[in-house]
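First to last, the sequence lines map onto chains E and S. Mind the numbering: the first sequence is residues 1 to 100 in this note's numbering, read in order. Mind the numbering: the second sequence is residues 1 to 530 in this note's numbering, read in order. Don't be surprised by glycine CBs; every beta carbon is placed ideally from N, CA and C. Bear in mind the structure is a predicted one, so any value in this text is a computation, not a measurement. Single-structure report; data block below.
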Amino acid sequence: MSATAEATVLITHEVGLHARPSVKFTKLAKSFSAQVEIALAASGPWFDAKSIVKVMAAKAPKGTLLHLRATGDEAKEAVGALVDLVQRDFDEGADHARSA
Amino acid sequence: MPAPLRLKGIPASAGYAEGPLHSLEQVCAGYSPSGLPDLEKATLEAAVGAAIESLAALIETSEGDAAEILEFQIAMLEDDALTGPAFAAIAQGSAADEAWQQALNVEISGYENSDQDYFRARAADIRDIRDRVLRALSLESGFTAPVGAILYGDDIAPTRFLETDWSKGGGIALRRGSTASHVAMLARARGVPMVVGLCSGDAAITGLALLDAEHGGIVLAPSAVEIEEFRKFSSSFAARQDKARAYLAGPALTKLGTPVRVQINIADPSDVDAVDVANCDGVGLMRTEFLFGHASGLPDEETQYRAYAHVLEWAGEKPVTIRTVDAGGDKPVPGFTVEESNPFLGLRGIRLSLAHPEIFRVQIRALLRAGVHGNLKVMFPMIAVPEEYERACVLFAEERAKLEAVGLPHKLPPLGIMVEVPSVAIAPEAFADVAFFSIGSNDLTQYVMAAARDNGAVAALNAVRNPAVLRLISQVAAYGAANGILVSLCGDAGGDPATIPALLEAGLRDLSVVPAQLAMAKAAIAEVSV
Chain E
1 MSATAEATVL
11 ITHEVGLHAR
21 PSVKFTKLAK
31 SFSAQVEIAL
41 AASGPWFDAK
51 SIVKVMAAKA
61 PKGTLLHLRA
71 TGDEAKEAVG
81 ALVDLVQRDF
91 DEGADHARSA
Chain S
1 MPAPLRLKGI
11 PASAGYAEGP
21 LHSLEQVCAG
31 YSPSGLPDLE
41 KATLEAAVGA
51 AIESLAALIE
61 TSEGDAAEIL
71 EFQIAMLEDD
81 ALTGPAFAAI
91 AQGSAADEAW
101 QQALNVEISG
111 YENSDQDYFR
121 ARAADIRDIR
131 DRVLRALSLE
141 SGFTAPVGAI
151 LYGDDIAPTR
161 FLETDWSKGG
171 GIALRRGSTA
181 SHVAMLARAR
191 GVPMVVGLCS
201 GDAAITGLAL
211 LDAEHGGIVL
221 APSAVEIEEF
231 RKFSSSFAAR
241 QDKARAYLAG
251 PALTKLGTPV
261 RVQINIADPS
271 DVDAVDVANC
281 DGVGLMRTEF
291 LFGHASGLPD
301 EETQYRAYAH
311 VLEWAGEKPV
321 TIRTVDAGGD
331 KPVPGFTVEE
341 SNPFLGLRGI
351 RLSLAHPEIF
361 RVQIRALLRA
371 GVHGNLKVMF
381 PMIAVPEEYE
391 RACVLFAEER
401 AKLEAVGLPH
411 KLPPLGIMVE
421 VPSVAIAPEA
431 FADVAFFSIG
441 SNDLTQYVMA
451 AARDNGAVAA
461 LNAVRNPAVL
471 RLISQVAAYG
481 AANGILVSLC
491 GDAGGDPATI
501 PALLEAGLRD
511 LSVVPAQLAM
521 AKAAIAEVSV
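Okay, structure coming up:
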């Protein structure tokens, strides 16, 4: 039950872990029962990945190496899914039209 | 009856509106706290719930960017980390409105103090969230603006814009605000007239007003004659606009079929996101003052590089002309510009950049690096003598050599100059070495006419169509044509349908206008026989 998982992933999204991506990020994190946290450095500070207020407060711009860690049920799955989301650029391609 | 008062501002979304002014600052006049923590807690919970509900209802009628902003706001309101501090304060005896306001203000200042533009811009979203809940808390429903009102205040939240019924007219007049803001983009898309940067002083702003968002101004307490004149402008604008739409997508051609290049002026990299690149011939002027205008200090190389690359990639093969920072004059930058008794004639533009080579070199490196992302051209503002151009070119060469040495990708862009100091317009032959000329008609006019462009008392003298100004423009155009130097014009005159004939007759074939004026400019060009 006390499974733990850790990973790092590079944020390639143009303006970083900002409003739109952070909505997706926290929604996905909340779909897992594990406790999930993010940080901009291995030494912390760590932020609750399920709180959009905290995720936004991390202010992670493009090019940030994001650290993730999870403990509890499905810890590995949670970290894997979140890393995948960041790597997919939050499913917003470069062609994401802002106000077409 | 008070005397009519005219305030000048910057057009952010062209159009005309006539209606009562409504203050955007009336948010929460009528909340009466109960004094009971349990009741205050329940009231705040209900208000947050009501705010979420109203946002969810708004999503139904929004799409794209707007819907995503609303989703973000809902996610914030649903987060205990946002609401927690307010409930904690209520438990300590605070009133619901006070607790909420204080908790959210802490959050807002966190965003305002960010050193990243993007996060700083989110402060407006949090303010919007704060006010939405305060409105829900308020017993007073008097904050609802009458339909057709001109909303007036420091700034306006995107959701306030979306909630407003614009079908019966109305407009926006802001003391601060920006033509690059999200609301400005929405306003242009919906055709809602909007003016930003109004210099209102302490004037009492109430009653009937006439908003002219084509030229940038508002008349308070207008006379009958002014109302009549305003309506003429307004109906002529509507007619021109209808006609112009057909011209937006095509190339600009005069009545005789002479092609004219029409590029766009932008003040912020995000300005291009709402523009279809196929509708213009590139970016004739990208200002860079926005990078220097923040309280967090001067921008680093990476921030600048990203901003430039964003626009270059958007433009593809089309040219993007970036102007090195034009601070000073009416654009002070803390920590960079100096206080002067006559700033328009002082240390501004290239003079300031050359006086601070350590800051200028950062911008130069960012430009050299961004050059590989597209068709970049760079120009210097306020050039008065050839030595300034030469010194700037030397700095480019030096920074290029350094990038070469460390093996960073870069490209030296063609280097041109703004023609805005009369010395250049009178004797352009002294600048035979420049890659191109770009006429800055706003400054050229104010220097030729000795009439400051920010002084309403001499507004009539600040006329680009004065024969003296036009003669200088045609002289520069002729010199450029004879010597193979491209001459364009990027001042406000280029987008003014009334001035376009005179500019084309002066020999110009290359204009740059704000994106909202593209269609009107092309339509005006089609009427000219050159």
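Taking a Cβ-Cβ cut-off of 8 angstroms, the neighbours of S/Arg-122 in chain E comprise His-18, Ala-19 and Met-56, given in sequence order. S/Thr-254 sits close to S/Leu-504, with the two beta carbons spaced by under 8 angstroms. Per DSSP, the continuous beta strand (DSSP E) segment holding S/Ala-12 begins and ends at 10-13. Residue-level contact by beta carbon holds for E/Lys-59 and chain S, with a gap shorter than 8 angstroms.
If you ignore the 5 residues before and after S/Lys-243, its C-beta comes within less than 8 angstroms of the C-beta of Ala-523, all in its own chain and listed in chain order. Residue state for E/Val-53 is assigned as helix, using DSSP reduced to three classes. Here the alpha carbons of S/Ala-123 and S/Met-76 stand approximately 12 angstroms from one another.
Contact between the stretch 36-56 of chain S and the stretch 254-270 of chain S is not established, with fewer than three Cβ pairs separated by less than 8 angstroms. Listed by position along chain E, the residues whose Cβ is nearer than 9 angstroms to that of S/Ser-114 are Lys-59. Within the stretch 403-484 of chain S, the runs of alpha helix (DSSP H) at least 4 residues long that lie entirely inside it are, in chain order, 422-426, 441-449 and 467-483.
At a cut-off of 8 angstroms between beta carbons, S/Met-286 makes no contact with chain E. Distance from the CA atom of S/Glu-420 to the CA atom of S/Leu-472, rounded to whole angstroms, is 10 angstroms. Bridge pairing for E/Ala-5: E/Ala-70 [DSSP]. E/Val-86 has a beta carbon lying at 8 angstroms or more from every beta carbon in chain S.
Spanning the alpha carbons of S/Trp-166 and S/Ile-359 requires a straight line of approximately 45 angstroms.
Contact annotation for E/Ser-51 against chain S: Asp-79, Asp-80 and Ala-81 [CB-CB distance below 8 angstroms, chain order].
Per DSSP, E/Glu-37 lies in no alpha helix (DSSP H) segment; the continuous beta strand (DSSP E) that holds it begins and ends at 35-39. Using a CB distance below 9 angstroms, no part of the stretch 396-429 of chain S faces chain E. Proximity of the stretch 377-391 of chain S to the stretch 311-318 of chain S falls short of the contact definition, fewer than three beta-carbon pairs being nearer than 8 angstroms. S/Arg-6 and S/Ser-234 have their C-alpha atoms some 17 angstroms from each other. By the criterion of a C-beta distance shorter than 6 angstroms, S/Ala-89 is surrounded in its chain by Ala-99, once the five residues flanking it on both sides are discounted.
Along the stretch 21-107 of chain S, the alpha helix (DSSP H) occurs as fully enclosed runs of 4 or more residues at 37-60, 64-77 and 80-91, listed in sequence order.
The beta-carbon distance between S/His-22 and S/Pro-146, rounded to whole angstroms, is 7 angstroms. This is short enough to meet the 8 angstroms contact definition. Listed in chain order, the non-local C-beta contacts of S/Arg-261 below 6 angstroms within the same chain comprise Asp-281 and Asp-510, local neighbours out to five positions each way being set aside. For S/Phe-72, the chain E residues whose Cβ falls inside 8 angstroms of its Cβ are Ala-19, Arg-20, Ser-22, Val-23 and Ile-52, in order along the chain. S/Ile-172 carries a strand assignment under DSSP once its states are collapsed to helix, strand and coil.
Taking one beta carbon from each stretch, the stretch 14-24 of chain E and the stretch 55-71 of chain E have 3 or more pairs nearer than 8 angstroms; the two touch. DSSP places S/Ser-178 in the coil class of the three-state scheme, outside both helix and strand.
For S/Asp-212, the enclosing beta strand (DSSP E) has its first and last residue at 208-212. Residue state for S/Ile-525 is assigned as helix, using DSSP reduced to three classes.
For S/Ala-75, the chain E residues whose Cβ falls inside 7 angstroms of its Cβ are Val-23, Thr-26 and Ile-52, in order along the chain. In the structure shown, S/Gly-191 adopts coil according to DSSP, grouped into three states. Residue burial is scored here from C-beta neighbours: E/Ser-31 has fewer than 16 other C-beta atoms within 10 angstroms and is therefore classed as exposed. Using a CB distance below 9 angstroms, the part of the stretch 56-68 of chain S facing chain E consists of Gly-64, Asp-65, Ala-66 and Glu-68, ordered along the chain. By DSSP's assignment, S/Arg-261 forms a beta bridge with S/Asp-510.
Straight-line measurement puts the Cα of S/Val-183 at about 11 angstroms from the Cα of S/Val-196.
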